[in-house]
Amino acid sequence: MKQYTIPSLANGSFGCATSSQVSWQDIPQLHIATYPWFKQGIKQDTSVKLAASSTHLHIQIIAQDNHSYAVQTQLNHMLICEDSCVEFFFSPSGELGSDYINLEVNCCGTLHIAYGPNREQRQFISLESASKISCVSSITSPVKFEQEQDSHWQIELTIPFDVIKEITKKEINLNHWYGNFYRCGGRVEPQYSVWNNIDVNQPDYHRPEFFGKLSFDV
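Heads up: the sequence shown begins at 12 in the numbering used here, then just goes up one per residue.
Structure representation (structure tokens):
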């Protein structure tokens, strides 16, 4: 099982900060660099950094992408996973295999967020709760088609812990979570890469039993 420690930001100015105000150069990164279902093409690097204050989780995603593509603009659209996309699945209870949130974001910053015990039983985030999440993309257009100059894209997210409580209707564990990160989608060279390996034959990200451990540096 892979492990990552989420650094703690000083309270005060960072308590309600957006991710653009975080000194990301000081934060360690993890890589979505395991390819359990790779077939062909170029393996492209995807790095993620996380940091937390007492009230917010900050996430930075940098994805190498030679063929950036996104057409979904609606919150919780079921086909966001077919756009150039990074996904963060996590169990905020701190229990491996428990109910989990799937947070999916395409390269233009459109979100799909839901909570539940498995693929079929999902409760989607409300528009009101989603509006409290800051999501900034390096791609400023609402949709994106492949271009010769494509090289990478970057997403920065700031998620209030209170929003996670609104979704789960439970208290969250701020000692550790279990989770996984995935890269998928796009029309050219879909990556299907993961952070913590998933040992199944076909692509399936809804496998909380294969989550890694995310510890908060408290």
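In this text, a Cβ means the ideal position worked out from N, Cα and C, and glycines have one as well.
Just so it is clear, the structure is predicted and the values come from calculations on it, not from any experiment.
Helix, strand or coil at F156 according to DSSP, with G and I counted as helix: Looking at F156 - three-state DSSP - the assignment turns out to be coil, as it is neither helix nor strand.
Exposed unless 16 or more other CB atoms sit within 10 angstroms - verdict on D215: By the neighbour-count rule (16 or more Cβ atoms within 10 Å), D215 is not buried but exposed.
When L114, S58, P219 are compared against Q10, the one with the closest alpha-carbon: Given that the chain is displayed from residue 12 to residue 229, the structure contains no residue 10 and the question cannot be resolved.
Minimum C-alpha distance to A125 - residue among Y203, I91, V229, Q165: Comparing Cα-Cα distances from A125 to each of Y203, I91, V229, Q165, the minimum goes to I91.
Counted within 10 angstroms of its Cβ, other Cβ atoms place F49 as buried (16 or more) or exposed: Here F49 is exposed, its C-beta having fewer than 16 other C-beta atoms within 10 Å.
Cβ neighbours of E44 in the same chain (closer than 8 Å, five flanking residues each side left out): Reading off the sequence shown, one finds Ala at residue 44, where the question assumed Glu. Residues K54, D56, T57, S204, W206 of the same chain have their beta carbon placed closer than 8 Å to that of A44, with the five preceding and five following residues left out of the count.
Beta-carbon spacing of L86, L61 below 8 Å: Cβ atoms of L86 and L61: not closer than 8 Å.
Helix, strand or coil at V169 [DSSP, three-state]: Reading the sequence as shown, one finds Thr at residue 169 and not Val. T169: strand per DSSP, three-state reduction.
Classification of L114 by the beta-carbon crowding that lies within 10 angstroms, buried from 16 upward: Per the 10 Å Cβ criterion, buried.
Per DSSP, the bridge partner or partners of S149: Looking at the DSSP output, S149 bridges to nothing.
The segment 151 to 165 / the segment 181 to 191 touching (three or more Cβ pairs under 8 Å): Short answer: they don't touch.
C-alpha distance - E220 paired with L107, whole-angstrom precision: When the Cα atoms are used, E220 and L107 turn out to be separated by approximately 7 Å.
Contacts around S95, its chain only, beta-carbon distance under 8 Å, and the 5 residues preceding and following it disregarded: Within the same chain, S95 has close Cβ partners A74, D76, H78, S79, Y80, A81, N117, C118, K155, W164, G196, G197.
In DSSP terms, what A261 is bridged to: A question about residue 261 goes unanswered here, because the residues of the chain that appear run from 12 up to 229.
S152: CB within 7 Å of a non-hydrogen atom of the ligand NAD: As presented, the structure is devoid of all ligands, the ligand NAD included, so that no description of it is given.
Straight-line gap, P47 to C146 (C-alpha atoms, nearest Å): For P47 and C146, the distance between alpha carbons rounds to 29 Å.
Of the listed residues Q71, S109, H69, A21, nearest to G190 (C-alpha basis): Of Q71, S109, H69, A21, the residue nearest in Cα terms is S109.
Pair within 8 Å by beta-carbon distance, Q14 and K224: Taking C-beta atoms as the reference points, Q14 and K224 count as a pair closer than 8 Å.
Classification of P39 by the beta-carbon crowding that lies within 10 angstroms, buried from 16 upward: By the 10 Å Cβ count, P39 comes out exposed.
Range covered by the beta strand (DSSP E) that runs through S102: That run of the beta strand (DSSP E) goes 96 to 102.
For L138, three-class secondary structure by DSSP: It is helical.
Pairwise C-alpha distance: A141 and F135: Each residue's Cα considered, the two are about 10 Å apart.
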